[in-house]
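Enquirer: FYI, the numbering for the sequence shown is -16 to 264, going by the working numbering.
Note that beta-carbon positions come from the ideal geometry of N, C-alpha and C, so glycine has one too.
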Amino acid sequence: MLARPMRTDLLACPEDHTALREDGDLLRCEHGHEWPVRDGAPVFTAAVGGFERRAEWERKQENSVPEYEQEEADQQARRGTMAWTVGRLFGEFWSQPVGDAAKVLDVGCSVYAELPYRRPAERFVGVDPLPGSPAREYEFVQAFGERLPFAAGTFDVALLATSLDHVADPLAVLRECARAAPRVAIWIGIIEPGLDFGVLEALARVPREPLYRPRAAAAAARTLYALNAAPKDYADELHLHRFELIQMRELVAAAGLALERQMLITDYSQTTPHLFLDATR
Ligand SMILES: [Zn+2]
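(1) Three or more beta-carbon pairs under 8 Å between the segment 115 to 125 and the segment 15 to 24, yes or no?
(2) Shorter than 8 Å, the distance from the beta carbon of ASP(-1) to the closest heavy atom of ligand 1, or not?
(3) When you measure from the CB of GLU159 to every non-hydrogen atom of ligand 1, does any distance come out below 8 Å?
(4) Looking only at its own chain, which residues have a Cβ that is under 8 Å from the Cβ of ALA135, when we skip the five neighbours before and after it?
(5) Between the C-alpha atoms of TRP67 and ARG244, what's the straight-line distance to the nearest angstrom?
(6) Under three-state DSSP, which class holds PRO193?
(7) Please report the distance separating the alpha-carbon of ARG198 from that of THR64.
(8) If you reduce the DSSP assignment to three classes, tell me which class ILE173 lands in.
(9) What does the alpha-carbon distance come out to for the pair TYR95 and LEU147?
(10) Which residues does DSSP list as the beta-bridge partners of ALA262?
(11) Is the beta carbon of GLY136 within less than 8 Å of some heavy atom of ligand 1?
(12) Is the segment 102 to 119 in contact with the segment 12 to 20, if contact means three or more CB pairs nearer than 8 Å?
(13) Just tell me which of GLU227, ARG264 and ILE174 has its CA closest to the CA of ASP139.
(14) Express the C-alpha separation of ALA204 and VAL43 in angstroms, rounding to a whole number.
(15) Note down the Cα distance separating CYS(-4) from ARG62, rounded to an integer number of angstroms.
(16) Just checking CYS92 against ligand 1 - is the residue's beta carbon closer than 8 Å to any of the ligand's heavy atoms?
(17) Can you look up GLU227 in the DSSP assignment and give me helix, strand or coil?
(18) Please check the pair GLU233 and ASN46, which I expect to be a contact at CB under 8 Å, by giving their CB distance rounded to whole angstroms.
(19) Can you give the Cα-Cα distance for ALA84 and SER78, rounded to whole angstroms?
(20) Measure how close the beta-carbons of ILE169 and PHE259 come, nearest whole angstrom, since I'm counting them as under 8 Å.
(21) State the beta-bridge partners of VAL140 as determined by DSSP.
(22) Have a look at THR145, VAL81 and VAL69 and flag the residue whose alpha-carbon is nearest the alpha-carbon of ASP250.
(23) Check PHE76 in the structure and name its three-state DSSP category.
(24) Grouping DSSP H, G and I as helix and E and B as strand, with all else coil, what is ARG4?
(25) Using CA coordinates, which residue listed in LYS86, GLY74, GLN230 and CYS92 is at the minimum distance from SER116?
(26) Which stretch, first to last residue, makes up the beta strand (DSSP E) that contains GLU122?
(27) Going by beta-carbon coordinates alone, are LEU142 and GLY128 separated by less than 9 Å?
(28) Which of the three DSSP states is assigned to CYS160 in this structure?
(29) Quick one: grab the DSSP three-state call for GLU105.
Shown next as structure tokens:
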């Protein structure tokens, strides 16, 4: 199946934000920058060359692929996850102030054909550096969030759904979102201050039983012992960043955005609470 073709009317050159015209299998700007179109999706990833931590970024993207492929192959299991449920909530969160006739940009839309947080919209355009599923249910552009191929103010809202901790330069991505849209809605897993991510992971493995039961108490003791013995340089093989709530609020402010709404979601079954932020410029 071919990708749902991206209409080119919203696109602009990622180098200079001037208009693009179609020329065979290329999109061309007035300054002579050329961008290919593959399977109906414009490809702008060449606009970002070498960047800090590029090798690490590529390795972590590759690490994610088996999980992405497994989830894409088993849609029913994906719909049963906590992340899917939180994604539905994020859909309600971002769409509430903009309604169902908005132009929506989803930065780091992932590789999936279907997104739990997608809602009715005039346009719903996903951007990701990975080509992903050929059967996406929304318009798709292959590009980096640090260099978006759109003119200023093209969209009503830009979404960052569990993507800001996977990018090389979170502040640059936030600034690009704020350039492309007057409103930015963020969904991200955060770390709790004072709690090491490895501690959260280990505690999540302790059975959810009252500690006065001998087996639960023994499991908790074993976990605490293992934690004490484990090296404290827990390395995350999927994310480039882990943010605390206060750091997220600082990033939003640094991008010139003012926070309008904040929601924190946790049922303590996850190692990281989910944070929704809604900010305007
Ligand atoms: Zn150009």
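Expert: The answer reads as follows:
(1) yes
(2) yes
(3) Not a single heavy atom of ligand 1 lies less than 8 Å from the C-beta of GLU159.
(4) Here the set comprises HIS0, ARG162 and ALA163.
(5) 21 Å
(6) DSSP places PRO193 in coil when its eight states are reduced to three.
(7) 27 Å
(8) coil
(9) 17 Å
(10) VAL167 and LEU242
(11) No, Cβ of GLY136 sits at least 8 Å from all heavy atoms of ligand 1.
(12) no
(13) ARG264
(14) The identity of residue 43 in the sequence shown is Lys, whereas the question assumes Val. Each residue's Cα considered, the two are about 33 Å apart.
(15) 36 Å
(16) no
(17) strand
(18) Between ASN46 and GLU233 the Cβ distance is about 28 Å, and since that is not below 8 Å, they are no contact.
(19) 10 Å
(20) 7 Å
(21) VAL87
(22) VAL69
(23) In the structure shown, PHE76 sits in a helix (DSSP, three-state: H, G or I).
(24) strand
(25) CYS92
(26) 122 to 125
(27) No.
(28) helix
(29) coil
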